[in-house]
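Anchor point for the sequence shown: position 101 equals 101 in UniProt numbering, and the numbering is continuous, going up by one each time. Read the structure below first, then the notes.
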Amino acid sequence: MARSIAEILAEARRDTARVAPADLPGRLRAGAWVIDMRTPWTRDAEGHIPGGIVVEHTVMLWRLDPLSPSRMADGPTYDDDVIVVCNEGFSSSLAARDLRELGFSRATDLEGGFRAWTEQGLPVEPEPTRYVT
């Protein structure tokens, strides 16, 4: 049965508390992992959230999965707070859903994405805190 992307997105967000941009700094201080999955040309032009880790969308699940031989060094555990960031908060909702399916029970995303972050005047850095290939 065919479904629209709007239906799939609504399902991905159901029962998930998304993070408001103003709440993200506190979550970072409490140990959250902020995973920036935006494209390189967007990140290069617009900057980075302080404390964010760049992980390309195409490899994100493999780099974060604790059971993957391609896992990033010292990556998050299943119980960690993982917050995914994209441009506007759509692709990140789907990525957070996929992380929850892997077992990251606290995976969620940034409401409104990086654009909402900057619209609220929150800090931006020219380079990422960490880049995982």
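For every residue, glycine included, the Cβ atom is placed at its ideal position computed from N, Cα and C. This one's a predicted model, so the numbers in the text were calculated from it and none came from an experiment.
Original post:
Whose CA, out of ALA107, ARG27, ASP79, lies closest to the CA of ARG92?
Top reply: As a working mapping, residue 92 is identified with position 92 in the sequence shown. It is worth fixing the name first, because residue 92 is Ser in this sequence and not Arg. When each option's Cα is compared against that of SER92, the closest is ALA107.
Original post:
Got a sec? Which residues, its chain only, sit under 8 Å from ILE53 by beta carbon, not counting five neighbours each side?
Top reply: Start at 1 with the first residue of the sequence shown, and residue 53 comes out as number 53. So the list reads TRP33, VAL34, ILE35, ASP36, PRO128, THR129, ARG130, TYR131, VAL132, once near-sequence residues are dropped.
Original post:
Is it the case that the CB of SER105 approaches a heavy atom of the ligand NAP more closely than 6 Å?
Top reply: What this structure holds is no ligand at all, so the ligand NAP is not there to describe.
Original post:
On the three-state DSSP scale, how would you describe ARG115?
Top reply: Your numbering for residue 115 matches position 115 in the sequence shown. In the structure shown, ARG115 sits in a helix (DSSP, three-state: H, G or I).
Original post:
Does the separation of the CB atoms of residue 148 and PRO123 fall below 7 Å?
Top reply: This structure leaves residue 148 out entirely; the chain is present only between 1 and 133.
Original post:
Between the C-alpha atoms of THR117 and GLU88, what's the straight-line distance to the nearest angstrom?
Top reply: As a working note, residue 117 is residue 117 in the sequence shown. As a working note, residue 88 is residue 88 in the sequence shown. Checking the displayed sequence, the identity of residue 117 turns out to be Trp instead of Thr. In a straight line, the C-alpha of TRP117 is about 9 Å away from that of GLU88.
Original post:
For the beta strand (DSSP E) that contains ARG130, what are its first and last residues?
Top reply: Along the sequence shown, one-based indexing puts residue 130 at 130. Taken as a continuous stretch (DSSP letters only), the beta strand (DSSP E) holding ARG130 covers 130 to 132.
Original post:
Applying the criterion that 16 or more other CB atoms from any shown protein chain within 10 Å of the CB defines a buried residue, is PRO69 buried or exposed?
Top reply: Counting from 1 along the sequence shown, the entry for residue 69 is found at position 69. That one is exposed.
**OP:** Classify ASP81 as helix, strand or coil using the three-state DSSP reduction.
**Re:** Indexing the sequence shown from 1 puts residue 81 at position 81. It is coil, neither helix nor strand.
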